[in-house]
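Structure, as structure tokens:
Printed below as a string of structure tokens:
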């Protein structure tokens, strides 16, 4: 897929051959991420403890930490919209990490996955804004001065429409670029050169998931707070 | 690194993320403006005026986004008055 590079063999192709269907790679790995998250969730729900240990501890630290971060930024209202953002964060994080497993590909390295998630974010923050402000939500588009309102409306519309596009392209470009770098380095010097890159990419993929989370939070904050 | 509840690592992660977000909004806003102008032209048959106008508006919108983002970083830099007044606002909003 990456230009003239040799295509690394992924598990999804083996499955495709075995059962004689042709499904896109990213669908498999998105399902894999879903299975991982569902399994973790169901496993943990069964044995919640007052004193968390092991996996529950990890999840509590991540989810609790992010919730504090959200409440610090949006205010108490943030708790209501937090589940949506946290689900997105964990989902993207798991999908990104799956790309680092040999024989797997990141589902976020395909633009369709990201576009779907970015559209969800776009619809969700506008829905929350309209739900809270009703028709007054249009004030968010009109800017501070009444005289400039029609002009600002066009500019705001353009900048709001640019948000899902930039969310999509940022995640896609970063993750796709990392996958290509890994393949290239593996062709040049197998294992030896890819191993150090793994540490860099674990950080970079975490940051990308966090960027998606943070931008969702900023957009929700913008739609929930008073128009300037 | 994973847990943004610790103040210091949270700041670093947030700063890295903010640095990663700046810039792309400018490009996408320009393209959205271009696309809006192009399709409005096709629909209304006013080629090429709306294309030019909307392209300029898109560039303006992109620059405005970058400017607002910079303002947000600066406000956060000056000691987090950001969260104080936002919680006050949402409180009075209800």
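Residue numbers (the numbering used here), protein chains in the order written: chain A, 1 to 228; chain B, 1 to 94.
C-beta atoms are modelled at their ideal positions from N, C-alpha and C, and glycine is treated no differently.
Quick caveat, the model's predicted, so the values are computed rather than measured.
Alpha-carbon spacing of residue i relative to residue j, whole angstroms
i             : j             : result
residue 211/A : residue 58/A  : 20 Å
residue 32/B  : residue 88/A  : 25 Å
residue 86/A  : residue 77/A  : 15 Å
residue 11/B  : residue 22/A  : 45 Å
residue 19/B  : residue 42/B  : 38 Å
residue 142/A : residue 24/A  : 43 Å
residue 116/A : residue 181/A : 25 Å
residue 223/A : residue 95/A  : 28 Å
residue 92/A  : residue 209/A : 6 Å
residue 17/B  : residue 145/A : 32 Å
residue 51/A  : residue 61/A  : 13 Å
residue 82/B  : residue 73/B  : Legend: pLDDT at residue 82/B = 48, less than 50; position of this residue unreliable, no value from coordinates given.
residue 215/A : residue 159/A : 14 Å
residue 38/B  : residue 153/A : 19 Å
residue 172/A : residue 178/A : 10 Å
residue 170/A : residue 26/B  : 12 Å
residue 62/B  : residue 151/A : 14 Å
residue 100/A : residue 106/A : 8 Å
residue 81/A  : residue 227/A : 19 Å
residue 11/A  : residue 38/A  : 21 Å
residue 56/A  : residue 43/A  : 10 Å
residue 46/B  : residue 175/A : 40 Å
residue 13/B  : residue 66/A  : 12 Å
residue 57/B  : residue 155/A : 6 Å
residue 195/A : residue 135/A : 54 Å
residue 50/B  : residue 127/A : 30 Å
CB contact check: residue i to chain A, cutoff 8 Å
i            : result
residue 83/B : Confidence at residue 83/B is low in this model, with a pLDDT of 46, below 50, so the placement of that residue should be treated as unreliable; the coordinate-derived value is given next. Yes, its Cβ sits closer than 8 Å to a Cβ of chain A.
residue 66/B : no
residue 78/B : no
residue 21/B : yes
residue 70/B : no
residue 61/B : yes
residue 40/B : no
residue 13/B : yes
residue 87/B : No answer about residue 87/B holds up, because its pLDDT of 39 lies below 50 and its placement is not dependable.
Boundaries (first-last residue) of the alpha helix (DSSP H) holding residue i
i             : result
residue 22/B  : Unbroken run through residue 22/B: none, as it is neither H nor E.
residue 129/A : 111–133
residue 218/A : 194–224
residue 86/A  : 78–98
residue 163/A : 149–188
residue 62/A  : 55–74
residue 12/A  : 11–19
residue 39/A  : 25–46
residue 54/B  : 49–77
9 Å Cβ cut-off: residues of chain B touching residue i
i             : result
residue 79/A  : Under the 9 Å cutoff, chain B gives no residues; its nearest Cβ is about 11 Å from residue 79/A.
residue 169/A : 24, 27, 28
residue 44/A  : Near residue 44/A there are no residues of chain B at all, since even the closest Cβ is about 17 Å away, more than 9 Å.
Min CB distance residue i to chain B below 8 Å
i             : result
residue 98/A  : no
residue 88/A  : no
residue 210/A : yes
residue 207/A : yes
residue 145/A : no
residue 117/A : no
residue 288/A : Outside the shown range of chain A, which is 1 to 228, sits residue 288/A, and nothing can be said about it.
residue 10/A  : no
Chain A contact residues for residue i, given Cβ-Cβ distances below 8 Å
i            : result
residue 25/B : 159, 162, 163, 166
Per-residue contacts from residue i into chain A (C-beta, under 9 Å)
i            : result
residue 52/B : Under the 9 Å cutoff, chain A gives no residues; its nearest Cβ is about 14 Å from residue 52/B.
residue 16/B : 203, 207, 210, 211
Contacts that residue i makes with chain A (C-beta to C-beta distance below 7 Å)
i            : result
residue 32/B : 158, 161, 162, 165
residue 57/B : 154, 155, 158
Residue i: contacting residues in chain B (beta-carbon distance under 8 Å)
i             : result
residue 217/A : Correct list: empty, because the minimum Cβ distance to chain B is about 11 Å.
Residue i: CB within 7 Å of a non-hydrogen atom of the ligand FAD
i            : result
residue 26/A : In terms of ligand content, the structure shown is empty, and the ligand FAD therefore cannot be addressed.
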